[in-house]
Amino acid sequence: MTKSQATSHERDTLASTDDVKSILGNLDADRLLDIMTLRPRIVDVEQASAWLAGDTDVFGAGLPLKDIPGDIVAILTADEDEETARSS
949 MTKSQATSHE
959 RDTLASTDDV
969 KSILGNLDAD
979 RLLDIMTLRP
989 RIVDVEQASA
999 WLAGDTDVFG
1009 AGLPLKDIPG
1019 DIVAILTADE
1029 DEETARSS
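Numbering (our numbering), first residue to last: 949 to 1036.
As structure tokens, then:
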């Protein structure tokens, strides 16, 4: 097995809490639990992180994420949506 195949396989494995923290940074316990409940793969967490960082080269400008990566983004941006609604 080549190194790139091993890396691809590793990214397809379920993410541990340490994986999520290392990719997304320090999260409060509730958000971390909500994300872990989704049973994300490492690649799902990486995609959510890239989207949050505004890396449109990966997904295309203005395109929403779907499935688990989209759910992760929704969890992480829920407070932003609430603040926007309150200030409107």
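Beta carbons: idealized from backbone N, C-alpha and C, even for Gly. Every value quoted in this text rests on a predicted model; they were computed, and no experiment measured them.
Asked	Found
Beta-carbon gap between residue 1024 and residue 979 smaller than 8 Å	yes
Integer Cβ distance of residue 1020 from residue 983, believed to fall under 8 Å	6 Å
For residue 962: DSSP bridge partner residues	989
Of the residues 992, 974, 970, 1027, the one placed nearest residue 961, counting alpha carbons only	992
Distance, residue 957 Cα to residue 1028 Cα	34 Å
Backbone CA spacing between residue 1000 and residue 964 [nearest angstrom]	20 Å
Residue 1026 versus residue 1018: straight-line alpha-carbon distance, rounded	12 Å
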